[in-house]
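Accompanying notes for the structure given below.
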Amino acid sequence: MSQKTIDRSHEYVRIEGVTKRFGDFVAVDNVSLSIFKGEIFCLLGGSGCGKTTLLRMLAGFESPTSGRLLIDGQDMAGIPPYDRPVNMMFQSYALFPHMTVEKNVAFGLEQEGLSKAEIAKRVGEMLDIVRLGDFARRKPHQLSGGQRQRVALARALVKRPKLLLLDEPLGALDKKLREHTQFELINLQEQLGVTFVVVTHDQEEAMTLATRIGVMNKGQIVQVGTPTDIYEFPNSRFVADFIGSVNMFDGQLVEDEPGHVRIRCNELEATVFVSHGISAPPEAKVSVAIRPEKIEMSRSAPVGTENCAKGVVKEIAYMGDLSVYLVRLESGRMVRVTIPNVERHADERIVWEETVHLSWRPSSPVVLTI
Amino acid sequence: MNNRGWFRNGMLGLGLAFLYIPILSMMVFSFNNSRLVTVWDAENSPTLRWYVRLLENDQLLGAAWISVQIAAMTATGAVILGTIAGLVLARFGPFRGRAFLSAMTTAPLVMPEVITGIAMLLLFVSLEQLIGWPEGRGMLTITIAHITFAMAYVTVVVQSRLAGFDDALEEAALDLGAKPATVFFRITLPLIVPALVSGWLLAFTLSWDDVVISQFVSGPGSSTLPMEIFSRVRRGVSPDINALATILVLIVATGVVLSTLYMKHEEKRRLREEQMARSGN
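One line per chain: the protein sequences are A and B, in this order.
Each step along the first sequence adds one to the number in this note's numbering, with nothing skipped, and position 292 is 282.
Each step along the second sequence adds one to the number in this note's numbering, with nothing skipped, and position 223 is 203.
Right under this line is the structure:
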């Protein structure tokens, strides 16, 4: 999905300096954000970072303490949830337990005052789209988790909203079903052309679903970008650490040129050479972040004296498709390295207590100043 | 193992005996032919004599009818008011005065009935002097007095039922375009029906067997059944009271057995359906 280009010509949701306080607690802190038509925008963050509060403000269940929310150019202040062109899929699904699947899906249409025939037609179509046609007469407690999730989705989508809010849409599903459902969600979104705003704490979910991700921390949006941007070019220590795993080394700038920088790290013998310039004051304290899969590991010493380290393998975790190695450097620092298991036979693989050389390309490290 | 089983069953038996021997003995004595309550007339018993006499006793039957009417009105009124109070306490968030309202609605649960009775009587008397309503004391005043304390029980039942289900259900309904009133009647109300039914039955029972408060706020010609029984017993226990009590116990027992069977049936159906859902993925 990350390759998909975003049409920035049509701004659909506009959040302007929105703050939400609950007593002394600032849940959402001066957030400004634009979400474009047809995108899947993920709000990603740990629990209590304010992502759900932001979503609930869009749905109309909370109102901002200050700031403005605009949907399709219209200010949402004072507009109750039942008058917004927005539907939400709840984390608990919130299916009405006393109604059948059919009735659950029809509920929203009945509120619009459509004719019985029209309602029946649209409910039938929607249930076919989510492949629940055979379950129309069942009650929610007679369905499995995945089926309930699809009913919740159908119930929200049948209203043909322009904006669908999804609160941890896959949270209650097991791993296999999640992966399957993720792709189903993306297909549906493309098919119906709805704008999705998804809240999740699961970075994998955000990475596969989103056209863009907004990473939140302590009520603020710390970075907005495509999944690739967020992963490869994190703008802060928080984002680098939160998304995926990373080896972070603290150090000092020793050479700062427009085309490259050299950094001396306390825990690395060799200097780190980075093949792009950064904007930081000279002698500034910086962090170097290197992703585990961007480190090469071999038994022989690499050429050159920079961007390398030597250590002993202390832990190996075999994950099937790849293996995670924890290597202890001479400074005592543990470094995480992932190597894809290209070979089926394990004879050639590096084993415990072996001395190894680590190296990486000059383009791989990310230099972070905040 | 065997010893422990013996001990357990023995204790169970003792417990049940403690609870039910008084009632059983009363039932047995209702078939006693003797006019003296404590003397068993072995020759002519058992007899249905007291049951026949009971049916001829218009005063008792009239009191029973009054009691039924008051209990039904009380239960209905208490369910309406208690539902509103329970809804406000469970769903309206931390508004100003919430703790006060919560304490005040549940206070009648612990208030001595004598106090409630006197307070009610004073209220009705001064109201009548001030605005001329309620005129005198009778079924209306008894019903109002009963509602005030029965409502507290309904509030607690409804509130705990509401606390037990996800408020995302109501939010989902709002989100789907339903106005708050529609949400209440189509989502909230159907979900709390079990609480309303048990609240209604509870209020009915509370009103049905109240003597103390009724005593204070009743007027001429509005004696409830418990009041009637109480005044007869004070003149000396007559065997037809035993017969009446036996009938009441049987009615209550039948109700309890039926509702238990119904709940068991529902539970079984639910389990079966859940199993079906799991196997039918």
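All residues carry an ideal CB built from backbone N, CA and C; glycine is no exception.
Predicted, not measured: the structure shown is a model, and the values here were computed from it.
Item, Value
"Contacts around CYS39 (chain A), its chain only, beta-carbon distance under 6 Å, and the 5 residues preceding and following it disregarded", "MET206, ASN207"
"Where the alpha helix (DSSP H) through SER349 (chain A) begins and ends", "No alpha helix (DSSP H) holds SER349 (chain A); the beta strand (DSSP E) holding it covers 345 to 349."
"Under 8 Å between C-beta atoms of ALA183 (chain B) and VAL134 (chain B)", "yes"
"Chain A contact for GLU151 (chain B) (CB, 8 Å cutoff)", "yes"
"Any chain B beta carbon closer than 8 Å to MET78 (chain A)", "yes"
"SER203 (chain B) beta carbon near the ligand FAD (any heavy atom closer than 7 Å)", "Ligands are entirely absent from the displayed structure, and the ligand FAD is therefore not among its contents."
"Any C-beta of chain A under 8 Å from that of ILE172 (chain B)", "no"
"For ARG140 (chain A), the residue or residues it bridges with in DSSP", "For ARG140 (chain A), which the question treats as bridged, DSSP gives no partner whatsoever."
"Amino acids of chain B, ordered along the chain, whose beta-carbon sits closer than 8 Å to that of PHE263 (chain A)", "Chain B residues near PHE263 (chain A): none, gap ~53 Å exceeds 8 Å."
"LYS159 (chain B) at chain A interface by Cβ criterion, 8 Å", "yes"
"Helix, strand or coil at ILE69 (chain A) [DSSP, three-state]", "coil"
"Contact check, THR226 (chain B) vs MET6 (chain B), beta carbons under 8 Å", "yes"
"Contact list for LEU154 (chain B) against chain A, beta-carbon separation under 7 Å", "PRO71, TYR72"
"Cross-chain neighbours of ARG145 (chain A) in chain B, by beta carbon under 9 Å", "ALA152, LEU156"
"Spatial distance of ASP219 (chain A) from GLY36 (chain A) (CA atoms)", "19 Å"
"From B:ALA143, B:ILE46, B:GLY(-10), residue whose alpha carbon lies closest to that of SER187 (chain B)", "B:ILE46"
"Closer than 8 Å to chain A by CB, THR63 (chain B)", "no"
"Short Cβ contact (8 Å threshold) for VAL212 (chain A) with SER235 (chain A)", "no"
"Below-8 Å beta-carbon distance, SER53 (chain A) vs any chain B residue", "no"
"Beta-carbon neighbours of LYS149 (chain A), restricted to chain B and to distances below 8 Å", "LEU156, GLY157"
"Per-residue DSSP class, three states only, for SER47 (chain B)", "helix"
"Nonlocal neighbours in the same chain, by C-beta distance under 7 Å from ALA274 (chain A), ignoring five residues either side", "LEU243, THR359"
"is_contact[GLU195 (chain A), chain B] using C-beta, thresh 8 Å", "no"
"When B:PHE(-13), B:ARG(-16), B:MET256, B:TRP(-14) are compared against GLN132 (chain A), the one with the closest alpha-carbon", "B:MET256"
"Straight-line Cα distance separating GLY123 (chain A) from VAL129 (chain A)", "Val is not the amino acid found at residue 129 (chain A); the sequence shown has Lys there. Roughly 13 Å between the two C-alpha positions."
"Residues of its chain near ILE268 (chain A), where Cβ-Cβ distance is below 6 Å and the 5 sequence neighbours each way are ignored", "VAL251, VAL357"
"Start and end residues, alpha helix (DSSP H) containing ASN94 (chain A)", "91 to 101"
"Cutoff 8 Å; reference PHE145 (chain B); Cβ partners in own chain excluding five residues on either side", "LEU171"
"Endpoints, beta strand (DSSP E) assigned at TYR221 (chain A)", "Per DSSP, TYR221 (chain A) belongs to no beta strand (DSSP E); it is in the alpha helix (DSSP H), 217 to 222."
"Whole-number beta carbon distance between GLY161 (chain A) and GLN81 (chain A), since they are thought to touch under 8 Å", "6 Å"
"Below-8 Å beta-carbon distance, ALA84 (chain A) vs any chain B residue", "yes"
"Alpha helix (DSSP H) runs wholly inside the region 88 to 133 of chain B, at least 4 long, in chain order", "93 to 111"
"Environment of GLN(-7) (chain A) [buried if 16+ CB atoms lie within 10 Å]", "Per-residue confidence for GLN(-7) (chain A) stands at a pLDDT of 44, beneath the threshold of 50, marking its modelled position as unreliable; the derived number appears in the next sentence. It is exposed - the Cβ of GLN(-7) (chain A) has fewer than 16 other Cβ atoms within 10 Å."
"Same chain, Cβ closer than 8 Å to ILE221 (chain B), neighbours up to 5 away in sequence not counted", "ILE209, ARG212, VAL213"
"Chain-order list of residues whose beta-carbon lies under 7 Å from that of ARG250 (chain B) (same chain, five-residue window excluded)", "none"
"VAL278 (chain A) and PHE239 (chain A) closer than 8 Å at C-beta", "yes"
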